[in-house]
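Residue numbers (the numbering used here): 13 to 538. Beta carbons are placed, not taken as given, at the ideal position from N, Cα and C, and that holds for glycine. The structure appears below as structure tokens.
Printed below as a string of structure tokens:
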């Protein structure tokens, strides 16, 4: 069921669960909880949209984009802004935040039903124990409270539902999944793969893993939407149960705390259009609005019971913000003419799994990086991009800016973030390695870019999972130590960033948390 802003009966209900956010993890939470029999309210800060607003770009001329970008100086820094409908990205004038002008963090946001599931790159790769157990091996940072084997069945469940394409490679650093047949590599990618693997025995070039829009309709889905989006799959499945109420235009400002128990009894919202303030109530609150938005909501939820914000008894809420550093090399493939229509993104392209610091440890930097890109896509272009793990650093953090509010009067955030010497040393090695591989393959880059913090839209951490309340914000099932009926299922729960695209791991963690949540509700523990 979907309700409009003019309907008020839904506010009077006490829901089994309130899910904040309708994007990737919000869609999964709504699906898992409704299919378990719970009545769920889904709150989305942005409006509902029509399918043609995603697929029809005919009216978005370059001139119109340039004019629109004047209101989106931050959002327009992301490459997909220029390839998609700009209204799928927020108006920066309505959504201000504070960051260091000399070292800015680029916060890319999308507020509409479906969230950023409509704009993400759809690459889906698993973490391995090289990531989950890294702190135990090198002594850097806090440990994850789980290992790969514990998450593996939930990876399987996610992949079966959304339909992931890929090849089976038997690589410890990039576990195989449940795959549909992959799309073919281009001829230039096949040559690149052969050349690199013949030249370096420790490097493997494989096809990308992800979602392909060319794949046929799957399960109970709404084919009007992109396959990668929650609107296509998870959100549609939740609404189909008849136990989900979707309320767009609901900007969550803070959590409502029960004065007697310190539990969370609901959320306070501002109507995006009318500016009306309203409250809704639920037995369980599930935060899925994206990493920084979750942190903002929790930090803005100060009360006598939670003086530093909900989840901040350890003093760690907002701390250890993570990201991926990226260095990109671009050029054209010699001897290949324009005119081909090879698709880009998701399962289309190449992936080079991490090969540094797996068995032999370097002295100049710890952890590692992987690479992704394409050769001869969409026409005669190539791209090779390295994703570098960023180490946890207490100085990288989110704080509330007490002097700045958004267009709905909600205090916004100050983002403090910078890369460390380890990342810069890793970047130097990654770029050298990429240039070596391109050279032996006969490819010469003509452009180089190091993405600014945030530009890859892989912000993570700030409400990390852990083994004790003193060292973390959430327990091993994404449950807040300080309020057991609050769960945080987006990227803010991450302990380390790994080098992989993180979205598949977010989804698997969300499904795992929902399974636990339902069991705890049945037992009466929540």
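Exercise for the section: Provide the residue(s) that pair with residue 340 in DSSP beta bridges, ordered along the chain. Expected result: According to DSSP, which records beta bridges pairwise, residue 340 is partnered with 397, 461.
Practice task
Quick one: measure Cβ to Cβ for residue 441 and residue 425, integer angstroms, because I've assumed they're closer than 8 angstroms.
Solution key: Contact doesn't hold; Cβ gap of about 33 angstroms is too wide.
Practice task
Could you check the C-alpha separation between residue 432 and residue 499 for me, to the nearest Å?
Solution key: Rounded to the nearest angstrom, the gap between the Cα atoms of residue 432 and residue 499 is 31 angstroms.
Handout entry: Which of helix, strand or coil DSSP assigns to residue 160
Key = Looking at residue 160 - three-state DSSP - the assignment turns out to be helix.
Problem - Selected residue, minimal CA-CA separation from residue 221, among 465, 191, 56 - result: Closest option to residue 221, Cα to Cα, is 191.
Practice task
Compare the beta carbon distance of residue 50 and residue 262 with 8 angstroms and say whether it is the shorter of the two.
Solution key: Against a cut-off of 8 angstroms, the Cβ pair of residue 262 and residue 50 comes out as no contact.
Exercise for the section: State the start and end residues of the unbroken beta strand (DSSP E) segment that holds residue 414. Expected result: For residue 414, the enclosing beta strand (DSSP E) stretches over residues 409-417.
Exercise for the section: Report buried or exposed for residue 281, applying the criterion of at least 16 other Cβ atoms within 10 angstroms of its Cβ. Expected result: Around the beta carbon of residue 281, 16 or more other beta carbons lie within 10 angstroms, which makes this residue buried.
Exercise for the section: Tell me residue 207's beta-bridge partners as DSSP assigns them. Expected result: Answer is none; residue 207 lacks a bridge partner.
Exercise for the section: Less than 8 angstroms between the CB atoms is what I'm expecting for residue 178 and residue 219, so what's the real figure, rounded? Expected result: The Cβ separation is near 7 angstroms, so the contact holds.
Problem - Stretch pair the region 300-307 + the region 69-81: three plus CB contacts closer than 8 angstroms - result: No, because fewer than three Cβ pairs between the region 300-307 and the region 69-81 fall closer than 8 angstroms, the two stretches do not touch.
Problem - Completely contained alpha helix (DSSP H) runs for the region 288-357, where each covers 4 or more residues - result: Runs found: 303-311.
Exercise for the section: Give the DSSP-derived three-state secondary structure of residue 535 in the structure shown. Expected result: Residue 535: helix per DSSP, three-state reduction.
Handout entry: Exposure of residue 132, with buried meaning 16 or more beta-carbon neighbours within 10 Å
Key = Within a 10 Å sphere around the beta-carbon of residue 132 sit 16 or more other beta-carbons, which makes this residue buried.
Problem - Length of the line joining the Cα atoms of residue 225 and residue 469 - result: C-alpha of residue 225 to C-alpha of residue 469: approximately 21 angstroms in a straight line.
Exercise for the section: Kindly list the residues whose CB is nearer than 8 angstroms to the CB of residue 98, restricted to its own chain and excluding five residues on each side of it in sequence; keep chain order. Expected result: The beta carbon of residue 98 sits closer than 8 angstroms to the beta carbons of 72, 77, 80, 81, 84, 87, 88 from its chain, once the five residues preceding and following it are set aside; these are given in chain order.
Exercise for the section: Starting from residue 179, trace the alpha helix (DSSP H) both ways and give me its first and last residue. Expected result: No alpha helix (DSSP H) contains residue 179, which DSSP labels as neither H nor E.
Exercise for the section: Please say whether residue 322 and residue 546 have beta carbons closer to each other than 8 angstroms? Expected result: Here the chain comprises residues numbered 13 to 538, so residue 546 is not present and cannot be evaluated.
Problem - Residue from 311, 437, 266, 235 whose Cα sits closest to the Cα of residue 290 - result: Relative to residue 290, the option among 311, 437, 266, 235 whose CA is nearest is 266.
Exercise for the section: Please report the Cβ distance between residue 341 and residue 153, rounded to the nearest whole angstrom; I am assuming they are in contact, meaning their Cβ atoms lie under 8 angstroms. Expected result: Between the beta-carbon of residue 341 and that of residue 153 there is about 30 angstroms, and that puts the pair past the 8 angstroms contact cut.
Exercise for the section: Using beta-carbon positions only, say whether residue 437 and residue 312 come within less than 8 angstroms of one another. Expected result: Judged by their CB atoms, residue 437 and residue 312 are not nearer to each other than the 8 angstroms cut-off.
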